[in-house]
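Presented below is the structure to which this report refers.
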Amino acid sequence: MIEILDDEQLLMRARIELVTEIERGSIVLSSRVAEAFLNVPRHPFVPVFYRRVGSAYVPWRVTDGTDAEWLRQVYTDQALITEVDGMLAEDAAPNGRTGAATSSSTMPSLMADMLDALDVHHGARVLEIGTGTGYNAALLSYLAGAENVTTIDYTAPLVLTARTRLREAGLEPKVLRGDGAAGQPDGGPFDRIIATCSVRRIPQSWLDQCAPGGVIVAPIKGTLDGGAVACLTKLPDGGAAGRFLHTPAAFMPLLSGPEPLFAMPDQIDGAQRTTETSGRVLDDYGFSFWAHLHMNPTTVRRGRLVDGQHVTTLYDHADSSAAFIRDRADGPPAVTTTGPRDLWKSIEAAHEHWRRQNRPRREWLTIDATTAGQSISYAAPDGSVSRWPL
Ligand SMILES: C[S@@+](CC[C@H](N)C(=O)[O-])C[C@H]1O[C@@H](n2cnc3c(N)ncnc32)[C@H](O)[C@@H]1O
-13 MIEILDDEQL LMRARIELVT EIERGSIVLS SRVAEAFLNV PRHPFVPVFY RRVGSAYVPW
47 RVTDGTDAEW LRQVYTDQAL ITEVDGMLAE DAAPNGRTGA ATSSSTMPSL MADMLDALDV
107 HHGARVLEIG TGTGYNAALL SYLAGAENVT TIDYTAPLVL TARTRLREAG LEPKVLRGDG
167 AAGQPDGGPF DRIIATCSVR RIPQSWLDQC APGGVIVAPI KGTLDGGAVA CLTKLPDGGA
227 AGRFLHTPAA FMPLLSGPEP LFAMPDQIDG AQRTTETSGR VLDDYGFSFW AHLHMNPTTV
287 RRGRLVDGQH VTTLYDHADS SAAFIRDRAD GPPAVTTTGP RDLWKSIEAA HEHWRRQNRP
347 RREWLTIDAT TAGQSISYAA PDGSVSRWPL
């Protein structure tokens, strides 16, 4: 039997099916980006990835070279987790591990949407923050020419592996270990900057290192679940302005040093009331992106099932305000609050505002970055403008 990874026709068919699946969604690919996905294989960058088995992440590799299901998963439009708590899938024990995903190959349709927005032409100087597997760097190399691409990741083993895999694919972009928050001070200016990890706001270094007229594509995300991908053009005055893509995005955050851990209260005693707004509203990425703009950036959220009921916890570690919102089968959701502020009131107000504005879509929002500050705005059809500082 011919090994699947030696079967060129099979691999080509897999890439065509992936592009067809991307286009079956709401993404219309430019011919250049479609060509990149048809020419750059994904499987060399994800030889082993994790799949969920219960609460564990279990590594999956093509052990005997004949696992057609493994190949189907690689060329399905889905994210593939490749690192959990710093452990690469190829180094994990066969029975897997529990923990938090720390690197992945992004969902191809989201990659495609971001690459289209980035509008990469051959010869463009490109900086990518978040090398991960190297697959996106390979697509960027196809579009811009590998000699014009620099990619940075925070984690040394990821950098080494991605560099090796890119080299094996005949591509030699600069693959650097570093903190992407600083960009690549020695390498700019760049015509295109793309981040594949999320930021609260665009780091000043990226604005400084982007050439006038250049494009920055970066996922913006606060501490709530929903994120959105911003696409900004660098202005001659040093600022940048842009819009958001319609595709939902919840990228892993850009980490600069260990993330602070805030213990969420498991139970709180405090004032009780009912609400018409279920905690589930925050499961909607469109609303939770809108909601984070109304919240203190120090507010974190957790949603979980307790005795079959949806329970949301909000906690602001700046002033220790906390809210518990519990859905109930026999009545309106119950709210318990403690601390100086009723955090759920801010979400209720944001939800009311969102509904009154006819549930604005991400792509109706704009973003501005000047040396004085950054903000997201929504200009409603009635002429009113809402603006939130980032
Ligand atoms: C979703 S993955 C990137 C996917 C990647 N572009 C690919 O094609 O496989 C996000 C990556 O961001 C990296 N990252 C997180 N914080 C970073 C930082 N401060 N600087 C650079 N990379 C960072 C993580 O290590 C992780 O590999």
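Numbering (our numbering), first residue to last: -13 to 376. All C-beta atoms in this analysis are idealised placements derived from N, C-alpha and C, irrespective of residue type, glycine included.
Going by CA-CA distance only, name the one from the options that's closest to residue i.
| i | options | result |
| --- | --- | --- |
| G228 | M(-2), E349, V14 | E349 |
| A315 | R153, P159, Q295 | Q295 |
| A257 | T299, T119, T322, A204 | T322 |
| V48 | G40, A42, R58 | R58 |
| A79 | T299, G317, P45, Y301 | P45 |
| F275 | G199, L376, A355 | L376 |
| M(-2) | G11, R28, S16 | R28 |
| N134 | N81, T298, F176, R345 | F176 |
| N344 | H278, Y364, P205 | Y364 |
| A366 | T357, H339, L241 | H339 |
| A197 | R186, L210, L218, T209 | L218 |
| R187 | E7, V292, S372, T357 | T357 |
| S306 | V292, A167, T209, R327 | R327 |
Give the range of the alpha helix (DSSP H) segment to which residue i is assigned.
| i | result |
| --- | --- |
| L341 | As written in the sequence, residue 341 is Arg, which differs from the Leu given in the question. Looking at the DSSP string, the run of the alpha helix (DSSP H) that includes R341 is 329 to 342. |
| G272 | 271 to 280 |
| T6 | -6 to 10 |
| R149 | 142 to 154 |
| Q195 | 190 to 195 |
| D128 | Per the sequence shown, the amino acid found at residue 128 is Tyr instead of Asp. 121 to 130 is the extent of the alpha helix (DSSP H) around Y128. |
How is residue i classed by DSSP in three states: helix, strand or coil?
| i | result |
| --- | --- |
| P244 | Below a pLDDT of 50, predicted positions are generally treated as unreliable, and P244, at 48, falls in that range; the measurement from the model is reported next regardless. Three-state result, P244: coil. |
| S370 | coil |
| V106 | coil |
| R18 | helix |
| A249 | coil |
| D53 | coil |
| A235 | strand |
| G225 | coil |
| S264 | coil |
| S95 | helix |
| L210 | coil |
| L162 | strand |
| V60 | helix |
| P198 | strand |
| R288 | strand |
| P27 | coil |
| I254 | coil |
| I180 | strand |
Which residues bound the beta strand (DSSP E) around residue i?
| i | result |
| --- | --- |
| L66 | 66 to 70 |
| Y43 | 42 to 47 |
| I353 | 351 to 356 |
| E114 | 112 to 115 |
| Y364 | 359 to 365 |
| T322 | 317 to 324 |
| A216 | 213 to 220 |
| Q295 | 295 to 302 |
| D172 | Looking at the DSSP string, D172 is not in any beta strand (DSSP E), and its letter there is neither H nor E. |
| A79 | It is not in any beta strand (DSSP E) - A79 carries neither H nor E in the DSSP assignment. |
| R347 | Premise fails: R347 is in no beta strand (DSSP E) and is neither H nor E. |
| R312 | 307 to 314 |
For residue i, decide whether its Cβ has a neighbour in chain C, counting only Cβ atoms nearer than 7 Å.
| i | result |
| --- | --- |
| D328 | Considering every chain present, this structure includes no chain C. It has just one protein chain. |
Please report the distance separating the alpha-carbon of residue i from that of residue j.
| i | j | result |
| --- | --- | --- |
| T141 | N282 | 30 Å |
| S370 | T352 | 14 Å |
| G272 | S264 | 16 Å |
| M97 | L329 | 35 Å |
| A54 | E3 | 14 Å |
| Y43 | Q64 | 16 Å |
| Q360 | D354 | 6 Å |
| F230 | V215 | 5 Å |
| A110 | D252 | 50 Å |
| A20 | R287 | 38 Å |
| R37 | G82 | 9 Å |
| S90 | L101 | 17 Å |
| I362 | I206 | 10 Å |
| R149 | D194 | 27 Å |
| G169 | Q190 | 9 Å |
| W56 | P319 | 43 Å |
| T298 | G289 | 4 Å |
Could you tell me whether any non-hydrogen atom of ligand 3 is closer than 6 Å to the CB of residue i?
| i | result |
| --- | --- |
| A167 | The model depicted lacks ligand 3 and carries ligand 1 instead. |
Can you tell me whether residue i sits near ligand 1, meaning its C-beta is under 6 Å from at least one heavy atom of the ligand?
| i | result |
| --- | --- |
| S41 | no |
| I179 | no |
| N122 | yes |
| G213 | no |
| C183 | yes |
| L241 | yes |
| I138 | yes |
| I206 | no |
| G85 | no |
| I67 | no |
| G173 | no |
| S191 | no |
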